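Enquirer: Numbering that gives the first Met the number 0 applies: residue 0 is where the sequence shown begins, and numbers increase by one. Cβ coordinates follow ideal geometry from the N, Cα and C atoms, glycine included. Since we're looking at a predicted model, the values are computed, not measured. Quick one: the structure is below, questions incoming.
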Amino acid sequence: MNYPHRTENYILELRGDLSIKGCRKLKLESDQYSLIEAANGLEDMRLFSCGGKLYGIGAGIRDAGWKPSEQREITQILLTLDALGNVLNQNVLNSPLGYDVEKNWMPFEHNSELHIIYSVDPLTILKVQGNQLIQLGSQPSLSKIIHEDMKYRGSTNGIPFRGGYLFVIHNRRRYGEKHAYIHYFMFLDRDLNLIQISEPFLFDRPGIEFAINLVESGDSVLISYGIADRQSRVISVDANRVADLIGIS
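Right, here's the structure in full:
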């Protein structure tokens, strides 16, 4: 079987001013075997730390036909990485709920264990134990909190922030003949209760903007995002400004 479409991933090392210091290709294959679940590569990978180790999680793509639209299988893959971004281990995480599109899982560390936001709306949180995914208690629909008839979706990993956990989520709206991604900060407390959603915001201008990673650095929150699937950017936001947007001190 030939796989004509394949995504390649690269690990970038940034300097303090966010300029690129180094770049290396991420290899999913080893000398022993090839990861068939990611035959067409790994899409929308999020880097994060848990228990002092570096991980990546993304959507393994396998197109069974010559065109992606013919038959596409999507499986989440968890990678363990070393400090240089080399793959040490790779695990397939089978979905416990079986959504049509198994993408945009949002990882974060809670009580020294890996957790994943599987779905934003309704908010569904999973705890990872080896290759097992355990669903935690259900949460209310975001529409009951924001009072908008919109579908909210995942974007970034979560980070510890002001006694809870911070994420970026989004929804999609139509502007004339085009779609625009609208973003929100989402805040969970230490017990993983949904506390607040910020007012909506854009990074640059209406269009396809997809936030993928979140990290706190000093007094700033850094967000990496893509523009129209063609360009990557990193934006720095003052942490106090983020706290103001979600209404916490």
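Which ranges does the beta strand (DSSP E) cover as unbroken runs of at least 3 residues, wholly within the region 114-200, from first to last along the chain?
Expert: 123-128, 131-134, 158-160, 163-174, 177-187, 193-196
Enquirer: So what does DSSP say about Arg240, is it helix, strand or coil?
Expert: Within the sequence shown, numbered from 1, the residue matching residue 240 stands at position 241. Here Arg240 sits in helix by DSSP.
Enquirer: Secondary structure at Ile247, three-state DSSP: helix, strand or coil?
Expert: Against the sequence shown, residue 247 aligns to sequence position 248. DSSP places Ile247 in coil when its eight states are reduced to three.
Enquirer: For the beta strand (DSSP E) containing Leu83, name the first residue and the last one.
Expert: Numbered from its first residue, the sequence shown carries residue 83 at position 84. Careful: Leu83 lies outside any beta strand (DSSP E) and carries neither H nor E.
Enquirer: Given Glu94, which residues of its chain have a CB within under 6 Å of its CB, disregarding the five upstream and five downstream residues?
Expert: Counted from its first residue, the sequence shown places residue 94 at position 95. The sequence as given places Ser at residue 94; Glu does not occur at that position. Same-chain partners within the cutoff: Glu101.
Enquirer: Going along the chain, which residues of its own chain have a beta-carbon closer than 8 Å to the beta-carbon of Arg71, five neighbours each way excluded?
Expert: As a first step, residue 71 is located in the sequence shown; it is residue number 72 there, counting from the start. Once the five neighbours on either side are set aside, the close Cβ partners of Arg71 are Ile60, Arg61, Asp62, Ala63.
Enquirer: Go ahead and pull the three-state DSSP assignment for Glu249.
Expert: Residue coverage of the chain in this structure runs from 0 to 248, which leaves residue 249 outside it and unanswerable.
Enquirer: Who are Ile19's beta bridge partners in DSSP?
Expert: Numbered from its first residue, the sequence shown carries residue 19 at position 20. Bridge partners of Ile19: Leu13.
Enquirer: When the Cβ atoms of the region 179-196 are set against those of the region 12-22, are three or more pairs found closer than 8 Å?
Expert: no
Enquirer: Output the boundary residues of the beta strand (DSSP E) element that contains Arg61.
Expert: Residue numbering aside, residue 61 sits at position 62 when the sequence shown is read from its first letter. From DSSP, the beta strand (DSSP E) with Arg61 extends over 52-62.
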